[in-house]
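As structure tokens, the structure follows; a few thoughts come after it.
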Amino acid sequence: MGPNSLHMSAAQEPKTESIAPPVTPPAQQAPPTLLKPGDVLGGCVVESFIARGGMGELYRARKANLECAVALKVLLPELLSQESVLSRFLREAKLAANLSHPSIVRVYDIGQERGLYYIVMEFVEGRDLRDLVMKDGALPFRTAFRIARQIADALEYAHRRGIVHRDVKPANILVSADGSAKLTDLGLARAARQDSEVTVAGEILGTPLFMSPEQCRGEPIDGRSDLYSLGATLYMMLSGSPPFRGDSTPIIIQKVLNERPQPLKSLVPEIPEKAAAIVQRLMAKHPGARYQSGRELVADINELLIGKLSFTRESKPAAAVAAPSSEASGFSWPLVFLLFAIALVLLGYGLWPKQLTSLPFPRNPPEKTAPAGKGVGTASRRRRGPSAAATGPRRGRGPGAQRTSRWIPRFPEVQERGGDPPLHPPGRSEQPPAPHFGAPLPQRHGG
């Protein structure tokens, strides 16, 4: 068999394709962590790794003397050479250690051990707001405003102590299963008197997506900048996306400075007008047009959640306007009771208007003094019995005081005749007159 036949036989053989196993790319292994479960640092036993951030790693641990779970934050060793990063890390611990508020994560301890700087903080069982919105979508407006109310109260507490957070964003807000929210990560916070230092090595501190315009420009900021960041966070909670988007940091900063976010009502039509107005005021470009304090914001949120200032589309505004509640109309029952009590007092002292106290009987006419020797009824009164001193006590002061007349209605016929008024009105003459108590008793004879 020649070479041609060998070649033909080889060519006529069926081709068998070799199926190579699929090439699986090597799994991206997580970078090695600084600590492992069971390691001890600062008196805390590490239980599990939580997350890694730009400044350090976060672990769940258990501190022996506290007998509870704590969060252990460890600064990355490669950042120790940067003095600014280390100062920010230590500043967070010192500022948070001096704050005690239900909506601020507490700091228990700070230290350095084996070349590692660490912070022992309160452990919050829950998720951060960014993870919550990115995975579950936009929140119901009541849930979002309840979270915002807690953070606004925490910011008011910090601002009163001269502390500006500078980095309020969804990733720094932890939400537990029961709906309680806590503000964390005070690494960028500074005292208001030290606010002139805004940048480090030409780098803007903070997250541009949630930074205020004045913070983007590198100007001195105060608590109103934190309120803007809270408004941008609230915008994301309600709509499911941040107020501005961009491919790079300069583009985002340019939009924050010069553009307005898309109206919230166009994205979420079912939210009340008042809810959209609160967010719009929080995100005003000029600080003077925003809420001036967290307390002012909390008051408006309370009114929104109570329902005094707005109605949702599911409710019936016409019926609500037709029959407003006493709370919505500002009706005050205590004020009504007070006015009623004052009216009773004035009526008792005779100070009420005359048209309300007029009686069917004329008032007492002025006393007429009879001329000497012509007293009307004087003799008859002397014949009736004992003197006036014996019939009753005198009114007035001193033995010679004149007897003051009581206020009793007088009738015209009695005034003409003189004498005491009858006990019954003139229309009932068929009733016998009552006996006069000043008349002498009949004398008994032959006794």
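Just add 570 to wherever you are in the sequence shown, counting from 1, and you've got the working numbering.
Glycine residues also receive a C-beta, built at the ideal position from the N, C-alpha and C atoms.
Residue i vs residue j beta-carbon contact at 8 angstroms
i      : j      : result
Gln720 : Ser657 : no
Val745 : Gly793 : no
Leu827 : Cys786 : yes
Pro783 : Lys855 : yes
Ser618 : Pro607 : yes
Gly858 : His729 : no
Tyr678 : Leu709 : no
Rounded separation between residue i and residue j - CA only
i       : j      : result
Ser651  : Arg622 : 19 angstroms
Phe711  : Ile680 : 38 angstroms
Leu605  : Asp870 : 46 angstroms
Ile743  : Gly749 : 12 angstroms
Val655  : Leu686 : 14 angstroms
Pro820  : Gly707 : 27 angstroms
Asp723  : Ile822 : 28 angstroms
Arg632  : Gln862 : 41 angstroms
Glu884  : Ile876 : Legend: pLDDT at Glu884 = 35, less than 50; position of this residue unreliable, no value from coordinates given.
Ser811  : Lys705 : 12 angstroms
Asp1019 : Phe715 : Coverage of the chain is limited to positions 571 through 1017, which leaves residue 1019 absent and any answer about it impossible.
CB contact below 8 angstroms: residue i versus chain B
i      : result
Leu917 : This model lacks chain B altogether, as it is built from one protein chain only.
Cβ-based neighbour list, residue i, same chain, cut-off 7 angstroms, excluding 5 preceding and 5 following
i      : result
Lys643 : Gly626, Leu628, Tyr688, Ile689, Met691
Leu837 : Ser809
Pro831 : Tyr805, Pro813, Phe814, Met853
Leu756 : Glu662, Leu665, Ala666, His735
Pro740 : Asp698, Leu699, Arg700, Val703, Thr803, Met806
Chain-order list of residues whose beta-carbon lies under 8 angstroms from that of residue i (same chain, five-residue window excluded)
i      : result
Val738 : Ile721, Leu725, Leu753, Phe780, Asp796, Ser799, Leu800, Thr803
Leu646 : Leu604, Met625, Gly626, Glu627
Exposure of residue i, with buried meaning 16 or more beta-carbon neighbours within 10 Å
i      : result
Arg860 : buried
Glu840 : exposed
His735 : buried
Val906 : exposed
Met806 : buried
Gly612 : buried
Val640 : buried
Ala747 : exposed
Val610 : exposed
Ile717 : buried
Phe910 : exposed
Ala751 : buried
Contact set for residue i: own chain, Cβ-Cβ below 6 angstroms, skip 5 residues either direction
i      : result
Arg676 : Glu692
Val849 : Gly801, Leu804, Tyr805, Leu834
Pro778 : Thr819, Ile822, Ile823
Span of the alpha helix (DSSP H), counted from its first residue to its last, around residue i
i      : result
Gln824 : 819 to 828
Arg697 : Run containing Arg697: none in the alpha helix (DSSP H); it sits in the beta strand (DSSP E), 696 to 698.
Val655 : 653 to 667
Gly864 : 864 to 876
Endpoints, beta strand (DSSP E) assigned at residue i
i      : result
Lys855 : Looking at the DSSP string, Lys855 is not in any beta strand (DSSP E), and its letter there is neither H nor E.
Ala641 : 638 to 645
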